[in-house]
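From first to last, the protein sequence lines stand for chains A and B.
Quick note on the working numbering: the first sequence kicks off at 32 and runs consecutively.
Quick note on the working numbering: the second sequence kicks off at 5 and runs consecutively.
We treat Cβ as the ideally placed atom computed from N, Cα and C, and that holds for glycine.
All remarks here apply to the structure that follows.
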Amino acid sequence: MSDASWLTKFPQMDRSDLLSIKKTLDGGFREFSRSYGDYIESFFDPLLYFLVWLEKLLLQSPWWLVIIVVTAIVFSATRSWKLCLSVVFAFLVIGYFGMWDNTMRTLSIITVCTLLSIALGIPIGILMARSDRMQSFVTPILDIMQTMPAFVYLIPVVMLLGIGKVPGVIAVIIYAIPPVIRLTNLGIRLVDKEVLEAATAFGASRSQRLWGVQLPLAMPTIMAGINQTIMMALAMVVIASMIGVKGLGQPVLKSITNQYFTLGLFNGLAIVALAIIFDRVSQAYAKRSQRHMGGNQHG
Amino acid sequence: MADPLIQIEGLYKIFGDDPLSVVPLVKEGKSKDDILAETGHAVGLKDINLSIHRGKIYVIMGLSGSGKSTLIRHFNRLIDPTQGRIMVDGVDVMTLSQDELEQFRRHKMSMVFQRFGLMPHHTVLENVAYGLTIQKVEKTAREKKATEWLETVGLGGYEKQYPSQLSGGQQQRVGLARALCTDAEILLMDEAFSALDPLIRSEMQDQLIELQEKLHKTIIFITHDLDEALRLGDRIAILKDGELVQEGAPEEILLSPKTDYVEAFVKDVNRARALTVETVMKPAACRITETTIGKALEQMKTFSGDYGYHISDDGYQGIILQETLETAVKEDANTEICEKQYEDVSSISPESVIEEVIPETLDTEYPLPVVNEEGDLQGQLSRASLAQVLGGPHSI
Ligand SMILES: Nc1ncnc2c1ncn2[C@@H]1O[C@H](COP(=O)(O)OP(=O)(O)OP(=O)(O)O)[C@@H](O)[C@H]1O
Ligand SMILES: [Mg+2]
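This is the structure:
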């Protein structure tokens with residue numbers, strides 16, 4: 032009977048073997064984080080200082096100054112009065128409903144995550160566009176980053192760096208960076224071959240081609256990637272709050288455990304408001320800066 | 005003739021993973037299709053040898069897929085050859101380092117593209133100045149030069165527009181101005197006018213011819229249109245499946261096609277528009293050099309025809325019939341030949357295309373005298389030779 036049991040029951044690995052694998056891996060990683068955790072933590076110190084500085088700046092500035100500065104940025108990027116008015120209105124409502132401080136925290140962490148994602152993602156995307164081997168190496172990693180449940184990679188990050196802002200930022204970036212990378216790669220690969228060839232024929236060097244032709248022509252696609260990255264980072268804010276990132280995510284988390292529907296709804300709506308503002312502003316900016324490229328790019 | 009500016013020797017280009025391994029097969033004479041089926045490699049070019057001289061328009065012609073674009077991209081090494089040598093102005097292009105190659109592309113050659121290849125994010129002016137921007141020429145200097153070239157191609161006033169705001173013809177003028185703006189000696193034009201409609205295309209051809217008269221560049225022009233090739237080319241090379249099947253002056257290609265392929269190509273050409281009088285005229289047999297009527301008549305009687313072209317020290321004077329001389333000789337054989345004995349027949353220029361002279365040739369009973377700008381008789385054009393030429397390659 033025992034020889035036919037594999038037909039009905041999956042021939043599983045021995046329990047004790049499995050356990051020892053888990054133990055070794057966990058133990059190894061724990062060992063690793065114990066011995067190198069401090070180095071790695073100090074490596075991220077500058078990031079932490081910057082995060083704290085930006086958060087303090089936003090929290091300690093008077094609310095009207097923050098609104099003025101944000102509106103000025105929105106206006107210079109989009110030249111749209113309508114959008115500016117909506118932004119002012121959204122911030123006033125958020126403040127009136129007592130979510131100002133948390134919104135500022137979230138704003139600061141999203142800003143940092145977006146900047147870092149762009150700073151890391153665009154160069155990686157460029158490298159991917161340059162070689163097919165790089166592309167076939169990076170693509171599966173991006174797939175994993177996007178499909179792996181966020182909680183799973185929160186574990187090693189927390190083991191290494193503990194709970195706090197920096198691991199939160201890292202988790203958000205892991206989750207949100209793939210679109211910038213993918214779309215930078217795609218955008219550069221889609222650049223009209225003849226335009227690039229023309230640049231080469233006139234003696235443009237590699238960097239002249241990159242800065243003068245490939246990046247500007249790929250910009251609409253890259254902007255779409257940045258836009259998606261921001262959206263995903265905002266979506267990740269709630270999960271990141273589980274590992275100690277303060278902001279709009281924490282009240283949402285609290286309202287789940289305590290079943291405070293209204294609290295959850297308000298803070299959720301504030302996240303949505305931020306998302307809409309980021310989305311509209313980045314799209315309007317992209318449109319404005321690419322208005323001449325319409326008819327010609329793919330034709 | 006002086007040394008050629010560009011010389012290509014034994015050029016092979018094979019596309020695929022291991023092109024060198026395929027070269028021997030190509031040399032054995034296996035066909036392009038067989039090689040593709042056997043090895044998965046595409047033969048782009050096969051043993052190309054050609055020389056291009058300074059100041060000429062050299063046309064490379066062939067059907068789609070014959071390797072024209074592949075060939076022209078070897079001149080500035082946008083494509084690297086599998087085997088062979090490319091010499092430009094005494095320099096082996098293959099020996100250039102990346103840096104030298106960039107310098108070479110900046111100063112020696114420029115290129116005009118079929119679909120224009122303009123930068124959509126730059127204004128027309130910035131596009132024209134692109135080559136100079138790459139060379140890091142200072143802004144006011146390059147914009148001044150670009151403005152001049154824009155005016156030369158007839159687009160003054162469009163500086164601030166973007167390419168997408170221009171018509172196809174205008175965009176290609178920008179492409180042409182961009183290529184001319186670097187003052188490169190060699191101009192590569194890959195089907196530069198193929199994307200334009202016929203009217204604009206012939207306008208652009210006129211403009212190119214006009215510019216070339218001033219600039220004397222060495223132009224390599226690619227086209228699949230024989231009429232265009234004949235109109236522009238000083239020499240024409242015909243490619244088929246990556247092989248050079250014939251190379252020569254336009255008349256040579258038209259009048260003595262070497263293979264069936266070339267013949268099929270030239271069959272539909274409007275020869276009356278493509279050939280000049282010079283290429284079909286025959287030597288003028290009946291030249292009358294005497295000055296008096298009597299002597300002239302005697303001279304004429306030695307000819308087979310009953311007409312003659314009167315020539316003095318000042319060159320061609322007019323056409324005289326035997327009949328006229330016979331009447332005049334009865335009055336006085338010793339008077340000199342004068343105006344009133346000449347027939348009312350105009351002479352034609354050796355440079356005119358045949359189409360222009362067809363009516364006159366048909367209207368006149370005698371072969372028309374072909375007289376050049378200096379007034380010398382170059383030859384004669386008869387109805388018979390006209391018929392022969394327009395009849396097609398078989399009749400020659
Ligand atoms: N990158 C490439 N990889 C593989 N084969 C290629 C490549 N480029 C060109 N070829 C092959 O070389 C041949 C010649 O192509 P090419 O583009 O030079 O033709 P062409 O004469 O310019 O045609 P067209 O008039 O359509 O532009 C084609 O048949 C194609 O099979
Ligand atoms: Mg081509």
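In the DSSP assignment, what residue or residues form a beta bridge with Tyr313/B?
-> In the DSSP assignment, Tyr313/B is bridged to Arg291/B, Ile323/B.
Consider the Cβ of Ser236/A: report whether some Cβ of chain B lies at a distance smaller than 9 Å.
-> The beta-carbon of Ser236/A is placed less than 9 Å from the nearest beta-carbon of chain B.
For ligand 1, which residues count as neighbours when the test is a C-beta closer than 6 Å to any heavy atom?
-> Chain-ordered list of matching residues: Phe19/B, Ala46/B, Gly48/B, Gly66/B, Ser68/B, Gly69/B, Ser70/B, Gly71/B, Lys72/B, Ser73/B, Thr74/B, His228/B.
Own chain, CB closer than 7 Å to Gly44/B, minus 5 neighbours either side, in chain order = Close CB contacts of Gly44/B within its chain, under the 7 Å cut and outside five residues either way in sequence, are with Gly20 (chain order).
Can you give me, in chain order, the residues of the stretch 235–265 of chain A that have a beta carbon less than 7 Å from any beta carbon in chain B?
-> Here the close residues are Ala235, Ser236, Gln239, Val244, Pro247, Leu248.
Hey, is Gln118/B close to ligand 2, as in C-beta under 8 Å from one of its heavy atoms?
-> True, at least one ligand heavy atom lies under 8 Å from that Cβ.
Near ligand 2: Asp1/B beta-carbon under 8 Å from a heavy atom = Any answer about residue 1/B is impossible in this case: the structure gives chain B only from 5 up to 400.
Just mark Met32/A as buried or exposed, buried being the case when its beta carbon has 16 or more other beta carbons within 10 Å.
-> With a pLDDT of only 49 at Met32/A, under 50, the local geometry of the prediction cannot be trusted, and no value is derived from it.
Enumerate in chain order the residues of its own chain whose CB-to-CB distance from Thr368/B is below 7 Å, with the five nearest sequence positions on each side excluded.
-> For Thr368/B, the CB contacts under 7 Å within the same chain, skipping 5 residues up- and downstream, are Val349 in chain order.
Three-state class that DSSP yields for Thr134/A in the structure shown | Three-state DSSP puts Thr134/A in a helix.
Would you check if the distance between the CB atom of Leu394/B and the CB atom of Ile358/B is smaller than 9 Å?
-> Yes. Within cutoff.
Alpha carbon of Arg387/B to alpha carbon of Thr306/B, nearest angstrom | When rounded, the distance between both Cα atoms is 23 Å.
Please decide whether Met123/B counts as near chain A, where near means a Cβ-Cβ distance under 9 Å.
-> For Met123/B, the answer is yes, since a Cβ of chain A falls inside 9 Å of its Cβ.
Contacts that Phe128/A makes with chain B (C-beta to C-beta distance below 9 Å) = The premise fails here: Phe128/A is roughly 43 Å from chain B at the closest Cβ pair, so nothing lies under 9 Å.
To which residues does DSSP link Val116/B through a beta bridge?
-> Bridge partners of Val116/B: Met193/B.
Neighbour flag for Gln314/A against chain E, beta carbons, 9 Å = Going by chain labels, chain E is absent from the structure shown, which instead holds the protein chains A and B.
Determine whether the Cβ of Glu72/A lies closer than 9 Å to any Cβ atom of chain B.
-> It does not: the Cβ of Glu72/A has no partner Cβ on chain B nearer than 9 Å.
Identify whether Ala241/B lies in helix, strand or coil by the three-state DSSP scheme.
-> For Ala241/B, the three-state secondary structure derived from DSSP is strand.
Give me the Cα-Cα distance between Lys218/B and Ala232/A, rounded to the nearest whole angstrom.
-> Approximately 24 Å, taken between the alpha carbons.
Distance between beta carbons of Arg220/A and Ala160/A, contact taken as under 8 Å = Going by Cβ atoms, the distance from Ala160/A to Arg220/A rounds to 5 Å, so yes, they are a contact pair.
Length of the line joining the Cα atoms of Leu1/B and Ile213/B = Here chain B comprises residues numbered 5 to 400, so residue 1/B is not present and cannot be evaluated.
Name, going along the chain, the residues of the stretch 199–232 of chain A whose beta-carbon falls closer than 7 Å to a beta-carbon of chain B.
-> For the stretch 199–232 of chain A, which is checked against every Cβ of chain B, the residues closer than 7 Å are Glu225, Val226, Glu228, Ala229, Thr231, Ala232.
Identify every run of the alpha helix (DSSP H) within the stretch 8–60 of chain B, keeping only runs that are complete inside it and at least 4 residues long; order them along the chain.
-> Fully enclosed alpha helix (DSSP H) runs of 4 or longer: 23–32, 36–43.
Whole angstroms is fine: what's the gap from Trp242/A's alpha carbon to Thr260/A's?
-> For Trp242/A and Thr260/A, the distance between alpha carbons rounds to 22 Å.
Cβ-based burial, Lys17/B [other Cβ within 10 Å; buried from 16] | Result: buried.
DSSP three-state call for Ala388/B: helix, strand or coil?
-> It is helical.
With Gly312/B and Cys342/B assumed to form a contact (beta carbons below 8 Å), what rounded beta-carbon distance in angstroms separates them?
-> About 15 Å separates the Cβ atoms of Gly312/B and Cys342/B, ruling out a contact at the 8 Å cut-off.
Got a sec? Which residues, its chain only, sit under 8 Å from Lys286/B by beta carbon, not counting five neighbours each side?
-> So the qualifying residues of the chain are Pro371, Gly383, Gln384, Leu385, Ser386, Ser389.
Using the C-alpha atoms, what's the distance from Leu191/A back to Ser64/A?
-> Each residue's alpha carbon lies about 5 Å from the other.
So which of Gln281/A, Thr252/A, Ile302/A, Thr288/A has the shortest CA-CA distance to Ala317/A?
-> If you compare the alpha carbons of Gln281/A, Thr252/A, Ile302/A, Thr288/A with that of Ala317/A, the shortest gap goes to Thr252/A.
Would you mind sorting Glu378/B into buried or exposed? The rule is 16 or more other CB atoms within 10 Å of its CB.
-> Exposed is the call here.
In the DSSP assignment, find the beta strand (DSSP E) that holds Val375/B and state where it starts and stops.
-> In the DSSP assignment, Val375/B falls within the unbroken beta strand (DSSP E) covering 372–375.
Could you give the residue range of the alpha helix (DSSP H) that holds Val119/A?
-> Residues 112–127.
Of all the CB atoms in chain A, is at least one closer than 9 Å to the CB of Leu82/B?
-> For Leu82/B, the nearest CB of chain A lies under 9 Å from its own CB, placing it at the interface with that chain.
With Leu200/B and Met208/B assumed to form a contact (beta carbons below 8 Å), what rounded beta-carbon distance in angstroms separates them?
-> In this structure Leu200/B is in contact with Met208/B, their Cβ atoms being roughly 6 Å apart against a cut-off of 8 Å.
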